[in-house]
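Trainee: Please see the structure below; I have some questions.
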Amino acid sequence: MSESCEQAGPVPVRDDLRGLEPYGAPQLEVPIALNVNENTYPIPEGFVETIQERVGKVLAGMNRYPDREARKLREALVTYLSREGLTVCAEQVWAANGSNEVLQQILQAFGGAGRSLLSFTPTYSMYPILARNTQTQWVPVCRPNDYVLRSDSVIAAIETHTPDIVLLCGPNNPTGTSLDLEVVEAAHNASEGIVVVDEAYFEFERGRKSAITLLERCDRLIVSRTMSKAFGAAALRLGYMVAAPAVVDALRIVRLPYHLSSLVQLVAQIAIEQSDRFLAHVDQICTQRDRLITELTHLGYNCHPSGANFVLVGGFSNSQKMFQALCDRGILIRDVGIPNHLRITAGTEEETEEVIRAIAELTKR
Ligand SMILES: *Cc1c(COP(=O)(O)O)cnc(C)c1O
117 MSESCEQAGP
127 VPVRDDLRGL
137 EPYGAPQLEV
147 PIALNVNENT
157 YPIPEGFVET
167 IQERVGKVLA
177 GMNRYPDREA
187 RKLREALVTY
197 LSREGLTVCA
207 EQVWAANGSN
217 EVLQQILQAF
227 GGAGRSLLSF
237 TPTYSMYPIL
247 ARNTQTQWVP
257 VCRPNDYVLR
267 SDSVIAAIET
277 HTPDIVLLCG
287 PNNPTGTSLD
297 LEVVEAAHNA
307 SEGIVVVDEA
317 YFEFERGRKS
327 AITLLERCDR
337 LIVSRTMSKA
347 FGAAALRLGY
357 MVAAPAVVDA
367 LRIVRLPYHL
377 SSLVQLVAQI
387 AIEQSDRFLA
397 HVDQICTQRD
407 RLITELTHLG
417 YNCHPSGANF
427 VLVGGFSNSQ
437 KMFQALCDRG
447 ILIRDVGIPN
457 HLRITAGTEE
467 ETEEVIRAIA
477 ELTKR
């Protein structure tokens, strides 16, 4: 970042962190950014005005620490889940700064030195990083060619590696692949450890049942969610999870005191109260996702089935060149490191139009 940092010479960082670069997709100012699976629609009209008064009250009490247990926010999440037909209590719900922090707390409590985390790759690239940071052994097991997880192979992987934590992402990032609840239950029954289902993209899978419905039968199951994607509140940094109260109690041991600021708690609570408005564009986003699949398939590309708000597209003879050519036109998508593939977030109708048109033009050359 600054030259003086380098001039100071190497610092005595942990051996396993030496020479590493921080994780993160490029943050470029471009007209069309479809690279990190955000909801690209604007936040609901009037939201900012509605909360100004309540934010004022919170700021007036800023000299005091916030509610460490985030009780009101967790109650709001309980109400939100009840609208999905899910019955849980506040003792089963926990929230943190993004589901990344939720996952980190899970690894701090249930992973760590001498313990292991198994997941099925390709999957979310933060998992091995969180494992590394918490000194948890990372055990990646390859998905089959269609990326779909099936009970028998998941059970076999768990029996071979006996991991302390199994992490299943559904729909899976970056492939978009759906996750069957039957597989989740099989994983839970095959393992003696924690099974985490990352439902970051759950809201885009219309009509599917959440893994939260398995909690009655699966007491070592954790289901994590986020407000960063469908909810359209990526900058808020609010993730949450649902599990048995004993699991929540374990996370309360490792969490930093007052980890959720009073501003985040309040804004998240109000956004959840207005969830219908925040989630208003989910159907349109799904329509744009399906349109990406239809039209790019038409152009000869190989689009993987997706239950999320993005599509993994294969068949680029030179994916880096395509990425750069789109970038030059002000369209940012994602190179996820799978050869000949690129990942595209489904945005607004206009954004989808632009990205399809640009790819069509660049394909003809
Ligand atoms: C985007 C994403 C998250 C969300 O992380 P936040 O910290 O809540 O913003 C979690 N899991 C997966 C698989 C994701 O793609």
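The numbers in our numbering rise by one with no breaks, and the one at position 248 of the sequence shown is 364. The C-beta atom is built at its ideal place from N, Cα and C for all residues, glycine as well.
#1: What residue does the beta strand (DSSP E) around His-304 start on, and which one ends it?
#2: Contact defined as beta carbons within less than 8 Å: I believe Pro-421 pairs with Gly-292. What is the distance between those atoms, to the nearest angstrom?
#3: Please check the pair Ser-435 and Asp-451, which I expect to be a contact at CB under 8 Å, by giving their CB distance rounded to whole angstroms.
#4: Does the beta carbon of Ala-149 come closer than 9 Å to any beta carbon on chain B?
#5: Could you tell me the distance, in whole angstroms, from the CA atom of Ala-366 to the CA atom of Pro-279?
#6: Identify which residue in Tyr-417, Ala-476, Ala-424 and Leu-379 has its Cα closest to the Cα of Gln-400.
#7: Could you pull the start and end residues of the beta strand (DSSP E) that Ser-215 belongs to?
#8: For the alpha helix (DSSP H) that contains Ala-452, what are its first and last residues?
#9: Look at the alpha carbon of Asn-179 and the alpha carbon of Lys-173, and state the distance between them as a whole number of angstroms.
#10: Please determine if the stretch 325 to 341 and the stretch 310 to 317 are in contact, where contact requires at least 3 C-beta pairs separated by less than 8 Å.
#11: Can you check which of these residues, Gly-309, Ala-350, Met-343 and Phe-320, is closest to Asp-335 by C-alpha distance?
#12: For ligand 1, is there a heavy atom less than 8 Å away from the beta-carbon of Met-343?
#13: Assuming contact is defined by CB atoms lying nearer than 9 Å, are Val-398 and Leu-150 in contact in what I supplied?
#14: Pull the bridge partners of Cys-258 from the DSSP assignment, please.
#15: Could you give the distance in angstroms between the alpha-carbon of Tyr-417 and the alpha-carbon of Arg-134?
#16: Between Val-429 and Ala-462, how many whole angstroms is the CB-CB distance? I'm expecting something under 8 Å.
#17: Assign Ile-438 to one of three DSSP states: helix, strand, or coil.
#18: What did DSSP end up calling Gln-404 once you bin it into helix, strand or coil?
#19: Quick one: give me the first and last residue of the alpha helix (DSSP H) that Ala-175 is part of.
#20: By the DSSP assignment, the beta strand (DSSP E) with Thr-468 in it spans what residues?
#21: Is Asn-289 buried or exposed, if buried means 16 or more other CB atoms sit within 10 Å of its CB?
#22: Any heavy atom of ligand 1 inside 8 Å of the beta-carbon of Val-398?
#23: Is the beta carbon of Gly-355 within less than 8 Å of some heavy atom of ligand 3?
#24: What's the C-alpha gap between Asn-456 and Val-146?
#25: Does the beta-carbon of Gln-440 have 16 or more other beta-carbons within 10 angstroms, so that it is buried, or is it exposed?
#26: Is it true that the stretch 337 to 354 meets the stretch 383 to 399, where meeting means three or more beta-carbon pairs spaced less than 8 Å apart?
#27: Compute the Euclidean distance between the alpha carbons of Asn-155 and Ala-349, then round it to the nearest angstrom.
#28: Nearest by alpha-carbon distance to Asn-261: which of Ala-247, Thr-237 and Gln-253 is it?
#29: Starting from Ser-340, trace the alpha helix (DSSP H) both ways and give me its first and last residue.
#30: Any heavy atom of ligand 1 closer than 8 Å to the beta-carbon of Leu-367?
Mentor: Straight from the coordinates:
#1: Note, His-304: premise wrong, no beta strand (DSSP E); alpha helix (DSSP H) at 297 to 306.
#2: Indeed, because the Cβ distance is near 7 Å, the residues count as touching under 8 Å.
#3: Contact flag correct, Cβ pair sits at about 6 Å.
#4: The question asks about chain B, but that chain is absent: this structure has only one protein chain.
#5: Here the alpha carbon of Ala-366 sits roughly 19 Å from the alpha carbon of Pro-279.
#6: Selected option, being the one with the closest Cα: Ala-424.
#7: Ser-215: not part of any beta strand (DSSP E); member of the alpha helix (DSSP H) spanning 214 to 226, first to last residue.
#8: Per the sequence presented here, residue 452 reads as Val, with Ala not at that position. Unbroken run through Val-452: none, as it is neither H nor E.
#9: Pairing Asn-179 with Lys-173, the inter-Cα distance amounts to about 12 Å.
#10: These segments touch.
#11: A check of alpha carbon separations from Asp-335 across Gly-309, Ala-350, Met-343 and Phe-320 identifies Gly-309 as the nearest.
#12: Yes, since a heavy atom of ligand 1 falls inside the 8 Å radius drawn around the Cβ of Met-343.
#13: Taking 9 Å as the cut-off, the beta carbon of Val-398 is found no closer than this to the beta carbon of Leu-150.
#14: The partner list for Cys-258 (beta bridge, DSSP) reads Thr-237.
#15: Between Tyr-417 and Arg-134, the alpha-carbon positions lie close to 40 Å from each other.
#16: Contact between Val-429 and Ala-462 does not hold, since the beta-carbon distance rounds to 12 Å and is not under 8 Å.
#17: Looking at the sequence provided, one finds Met at residue 438 rather than Ile. Helix at Met-438.
#18: DSSP places Gln-404 in helix when its eight states are reduced to three.
#19: Strictly speaking, residue 175 in this sequence is Leu, with Ala absent from that position. From DSSP, the alpha helix (DSSP H) with Leu-175 extends over 163 to 176.
#20: Annotation: Thr-468 is outside any beta strand (DSSP E); the continuous alpha helix (DSSP H) that includes it extends over 465 to 480.
#21: By the 16-neighbour rule on beta-carbons within 10 angstroms, Asn-289 is buried.
#22: Here the distance from the Cβ of Val-398 to the nearest heavy atom of ligand 1 is not below 8 Å.
#23: Summarising the ligand content, the structure contains ligand 1 and does not contain ligand 3.
#24: Straight-line Cα distance between these residues: approximately 23 Å.
#25: Under this definition Gln-440 is an exposed residue.
#26: Yes, the stretch 337 to 354 touches the stretch 383 to 399.
#27: Between the alpha carbons of Asn-155 and Ala-349 lies a gap of roughly 8 Å.
#28: The residue with the shortest Cα to Cα distance from Asn-261 is Thr-237.
#29: Per DSSP, Ser-340 belongs to no alpha helix (DSSP H); it is in the beta strand (DSSP E), 337 to 342.
#30: Checking the Cβ of Leu-367 against ligand 1 gives no.
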